[in-house]
Amino acid sequence: MIWMSWRQARTQIVAVLALVGAACIWLAATGPALARLAHRNTYVYDLLSRNDRLLFNGGIAVLALAPAVLGIFWGGPLVARELETGTYRLAWNQSVTRRRWLAVKLGFAVAATVVAVGILTLAITWWAHPIDGALGSRHGGLPSRLSPIPFAMRGIVPIAYAVFALVLATLVGLVLRRSLPAMAVTLALYAFVQIAVPLWVRPHLVPSTSTTTVISAGTIDGLSMDDAGTITLSTRVAPGNWVLTDQTVDAHGRPAALPTWFNSCLPPPPGPGQARSQAGAVTSRGTLDRCLTRLDRAGYRQHVVYQPASHFWPLQWVETSLYLAGSALLCFLSFWWIRHRLA
Amino acid sequence: MSAIVRTEGVGKKYRRRWALQDCTLDIPEGRVCGLVGPNGAGKSTLLGLTVGLLSPTVGSIEVCGGQPAVSSAQLAKVGFVAQDTPTYAGLTVADHLRMGAHLNPRWDDAAARRRIDRLGLDLRRRAGQLSGGQRAQLALTLGLAKHPDLLVLDEPVASLDPLARREFLQVLMEAVAEEGVSVLLSSHLVSDLERVCDHLIVLVDSQVKVSGDVDELLDTHHRLSGPLREEQGLPSDQSVVWSSHTDRQSTYVVRTDSPILDPAWSVTPLGLEDLVLAYLTATPTPSSASASAGRGLEVLR
Numbered sequence: 009m010i011w012m013s014w015r016q017a018r019t020q021i022v023a024v025l026a027l028v029g030a031a032c033i034w035l036a037a038t039g040p041a042l043a044r045l046a047h048r049n050t051y052v053y054d055l056l057s058r059n060d061r062l063l064f065n066g067g068i069a070v071l072a073l074a075p076a077v078l079g080i081f082w083g084g085p086l087v088a089r090e091l092e093t094g095t096y097r098l099a100w101n102q103s104v105t106r107r108r109w110l111a112v113k114l115g116f117a118v119a120a121t122v123v124a125v126g127i128l129t130l131a132i133t134w135w136a137h138p139i140d141g142a143l144g145s146r147h148g149g150l151p152s153r154l155s156p157i158p159f160a161m162r163g164i165v166p167i168a169y170a171v172f173a174l175v176l177a178t179l180v181g182l183v184l185r186r187s188l189p190a191m192a193v194t195l196a197l198y199a200f201v202q203i204a205v206p207l208w209v210r211p212h213l214v215p216s217t218s219t220t221t222v223i224s225a226g227t228i229d230g231l232s233m234d235d236a237g238t239i240t241l242s243t244r245v246a247p248g249n250w251v252l253t254d255q256t257v258d259a260h261g262r263p264a265a266l267p268t269w270f271n272s273c274l275p276p277p278p279g280p281g282q283a284r285s286q287a288g289a290v291t292s293r294g295t296l297d298r299c300l301t302r303l304d305r306a307g308y309r310q311h312v313v314y315q316p317a318s319h320f321w322p323l324q325w326v327e328t329s330l331y332l333a334g335s336a337l338l339c340f341l342s343f344w345w346i347r348h349r350l351a
Numbered sequence: 090m091s092a093i094v095r096t097e098g099v100g101k102k103y104r105r106r107w108a109l110q111d112c113t114l115d116i117p118e119g120r121v122c123g124l125v126g127p128n129g130a131g132k133s134t135l136l137g138l139t140v141g142l143l144s145p146t147v148g149s150i151e152v153c154g155g156q157p158a159v160s161s162a163q164l165a166k167v168g169f170v171a172q173d174t175p176t177y178a179g180l181t182v183a184d185h186l187r188m189g190a191h192l193n194p195r196w197d198d199a200a201a202r203r204r205i206d207r208l209g210l211d212l213r214r215r216a217g218q219l220s221g222g223q224r225a226q227l228a229l230t231l232g233l234a235k236h237p238d239l240l241v242l243d244e245p246v247a248s249l250d251p252l253a254r255r256e257f258l259q260v261l262m263e264a265v266a267e268e269g270v271s272v273l274l275s276s277h278l279v280s281d282l283e284r285v286c287d288h289l290i291v292l293v294d295s296q297v298k299v300s301g302d303v304d305e306l307l308d309t310h311h312r313l314s315g316p317l318r319e320e321q322g323l324p325s326d327q328s329v330v331w332s333s334h335t336d337r338q339s340t341y342v343v344r345t346d347s348p349i350l351d352p353a354w355s356v357t358p359l360g361l362e363d364l365v366l367a368y369l370t371a372t373p374t375p376s377s378a379s380a381s382a383g384r385g386l387e388v389l390r
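Protein chains in written order, with our numbering: chain H, 9 to 351; chain G, 90 to 390.
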C-alpha cells in the first residue's frame, strides 16, 4: 500500500518538493545579509531593499496559500477521485482492508504535507525573524510576528493548518464523492475557520496580560474620533505585543466614555483652504497635554489587555495542538464514514 | 459439497428503495454461476454484497466461509472484476501488476505476466490508453492473479463488442479450467452466460426467482401447450412459471420434479434462454403483483 500511495502521489510530491527547494535556495541566499543588516541597525525598515520587502510579503502570501492549496488539492481528490472514477472498486478488492487503505493513503499525504510545509515555514520563519516587527525611524514598519496575520505564517502553525486542510478535504471528498465540489466546500470551510480562529479563539488560547496605566502625554500614543464624534484614546505599548482591548476606565475601574469637556481640548478640524500654522499646532498640543492631566486627576486610566511578545511560542504550540486535535477528529470521522456509510 | 456463497434473508435498502430483498442462496463450490436479470434487478447489489463493497441492511452473508471483506485474509479469497472494469488510467499495465503484487499475499506474478504476454498487452502502456476489451482483460488478469477461491465479475462483457466478448469469456473459461476457481458472474444477456455457466440465478425486481444447477433447471422445466385450461386445473406438484392463453389454447411453463403424464399436453423441453425469459416475463404472483404489474402487462400485450 505504501508503494501504491507513493506511485499515485509521486508526481505531486516531486513537484512540491522542487518548489520548496527553490524557495529555500532563494531564502538562504538573501537571509544572512538581512540578518547582518538587522543586527547593526535599529531602524531596519528604512534600509530594506525592494527585494527584501517583496520577499517578506511574498513569504506571507506563500505561507497563507500553501497549507490551503496543498491540503485542498491533495486531500480533495485523495479519496473522491477514486470514488468518482470507480477505481475504489478495484482498490477495495485488493487484500487490504478499507481502513488500512485509507490509513496508509492519508498517512502518506499527511507526512508529505508536513515535510513540505514544515520546511517552507521554518525557512521563512528563519529568514523573516530579523525583520519581523522592524521599525522605521519616523514612520512605517513591518508587522510583528504576533499580530494576527503574520502569526499564521510563522513558526509551526502553518504545518497544523496544512494537515487540517488535508484531512478536512479528504473527509468532505468522502462525503460528497466528487473532487471539485469537495475542494470548493473545503475552501469555504477552511477560510471560515482561518478567519474565526484569530478573531474569537486565539486571543483566549493563552491567558492574556492586562495593565492599567495612568493617562499622560507619555503613555498615550494617539486618539481618534469616529463618525459619531466619540473620542477614543490609544495607549502606547511595546512593539511586538498584540493588543486585544485598549479602553478608558473611570475611577471605579469601569469602562467609560471620555467626559464631554474633553471634546473642547481637540484642535478644531481644519477648514477648507485654511492654512494651519506651526504655532497653532503647538498651542493645541499644549492644550491637549493639560486636558490629559485633567483626565488623570479625574481618575481616568487606560486599561490594556494584550498578549505579550513572549507568548508567541506558547500561542503557537496551543494553536497547533488545537488544529491537530481537530484533524484527529476529522480523521476519526473519515474512518467511520468509509466503514459505515460507504457500504 | 460446501457452499462458496451462502446468503440468509439478505436485503439491501438504499434510502427508501430496496435493491435486494429476502435473498436466500446457496452457491456450491467449483461452479461457474451466472446471475441474470434485467437492468436494475439488483445484480450489482448482490455482487457488491458478496465482495463486501456493500454490507446488507438485513440478513447474513457468508463467502468462502467468512464475512465478506472483514479482513485482509478474507479479501484475498475473493477476486472482483467490477462493472466497467475500472483501472487507474494514469498507471501503466506494469504498474497495475506491481500494485497487485504489493497488495495481495497470494499474488501469482508469473501467471499474471504470462497472461498479459499472451494477450499481447504492452506493459508500458497506460491503462487509460487501452481499448475497452484490453482493459477488461487487464482487470480479469488482476482478479485471477490474486489466486482467489471465488472470482466475482459484474457485467464483465456488457460494454465489449462481440469479438472482445468472446475472447474475454474464452480467457475466463481457460482460467477456470486451469485453476479450478469458482466463478460468479452477472449479465443481463442470457446468451453470454449460456456457454459458460453450470449454475444459474435469476433475479427480477430485487428478488431471486430461481436458482440451481443448469442441468437440473433444464430437467425440471417444461413448456406445456394444449387446449385452453385454467391454472387451477394443473396438478399441485406443477408450479406455473409463465402462462399464456388464447381463445382455445393454453401455454404454460411449469416447474416440476415429476414427469408430465397428462396426454392432453404436448410437452417441449426449454432452452436456457427460454427458461430465463419465462421467469423474466412471468405472470405476477399475488405477492409481487404490485411490483411487477407493469412489466407483466407489457409482456402479455
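Using N, Cα and C, we set each Cβ at its ideal position, and we do this for glycine too.
Note that the structure is predicted; figures quoted are calculated from it, not measured.
Contact annotation for S103/H against chain G: S161, A162, L164, A165, L192, N193, P194, R195, K235 [CB-CB distance below 8 angstroms, chain order]. Just measuring C-alpha positions, the residue of P194/G, A225/G, L210/G, R202/G sitting nearest D173/G is A225/G. Under the 8 angstroms criterion on CB atoms, L182/H is classed as non-interfacial with respect to chain G.
Sequence-distant partners of R204/G (beyond 5 residues in either direction) whose C-beta falls short of 6 angstroms from its own C-beta, in its chain, are T230. Considering only beta carbons, no part of the segment 47-75 of chain H lies closer than 8 angstroms to chain G. In its chain, beyond the 5 residues on either side, V342, T357, L359 have a beta carbon closer than 6 angstroms to the beta carbon of R312/G. Taking 8 angstroms as the CB threshold, W344/H stays off the interface with chain G.
Taking 8 angstroms as the cut-off, the Cβ atoms of H288/G and C112/G do not count as close. Here the segment 125-143 of chain H lies against the segment 20-40 of chain H, with 3 or more beta-carbon pairs under 8 angstroms apart.
Using a CB distance cut-off of 8 angstroms, G94/H counts as an interface residue toward chain G. Out of R185/H, P211/H, V180/H, the CA that lies nearest to the CA of A196/H is found in V180/H. Y314/H and R210/H have their C-alpha atoms some 12 angstroms from each other. With respect to the C-alpha of P175/G, the residue from C153/G, G232/G, A200/G, P194/G having the closest C-alpha is G232/G. Within 8 angstroms of the CB of A171/G, the CB atoms of chain H belong to G94, R97, L98, N101, in sequence order along the chain. Listed along chain G, no residue sits closer than 9 angstroms to A23/H by beta-carbon distance, the nearest being about 15 angstroms off.
DSSP places T370/G in the coil class of the three-state scheme, outside both helix and strand.
For P175/G, the neighbours in chain H by C-beta distance under 7 angstroms run, in chain order, T93, G94, T95, R97, L98.
By the criterion of a C-beta distance shorter than 8 angstroms, S187/H is surrounded in its chain by G84, P85, A88, R89, E92, G181, once the five residues flanking it on both sides are discounted. Per DSSP, F169/G is one residue of the beta strand (DSSP E) stretching across 167-170. Counting only Cβ-Cβ distances below 9 angstroms, R187/G has contacts in chain H at W11, M12, R15, in chain order. Not flagged as an interface residue toward chain G: A120/H, since no C-beta distance is shorter than 8 angstroms. Counted as a single uninterrupted DSSP element, the alpha helix (DSSP H) harbouring L208/G occupies residues 198-208. The residue among L184/H, T50/H, G163/H with its C-alpha nearest the C-alpha of A142/H is T50/H.
At a C-beta separation below 9 angstroms, V140/G has these neighbours in chain H: R97, W100, N101. When the Cα atoms are used, D308/G and F169/G turn out to be separated by approximately 32 angstroms. CA-to-CA, the gap between S347/G and D326/G works out to about 8 angstroms. Shown here for V303/G: same chain residues with a beta carbon closer than 7 angstroms to its own, the five before and five after excluded, namely C286, D287, H288, L289, L361 in chain order. DSSP, reduced to helix, strand and coil, places V303/G within a helical segment of the structure shown. Secondary structure in the segment 97-151 of chain G: the beta strand (DSSP E) runs of 3 residues or longer, each lying completely within the stretch, are 106-117, 121-125 in chain order. Annotated three-state conformation of Y177/G is coil, per DSSP. In this structure, A165/G places its C-beta atom within 8 angstroms of the C-beta atom of N193/G. Taking the CA atoms as reference points, V175/H sits about 49 angstroms from V222/H. With respect to the C-alpha of T345/G, the residue from W354/G, S328/G, L239/G, A353/G having the closest C-alpha is S328/G.
Excluding sequence positions up to five before and after A99/H, its CB lies within less than 7 angstroms of the CB of E90, W109, all in the same chain and listed in chain order. Residue-level contact by beta carbon holds for A351/H and chain G, with a gap shorter than 8 angstroms. Q102/H is bridged by DSSP to nothing; it lacks a bridge partner.
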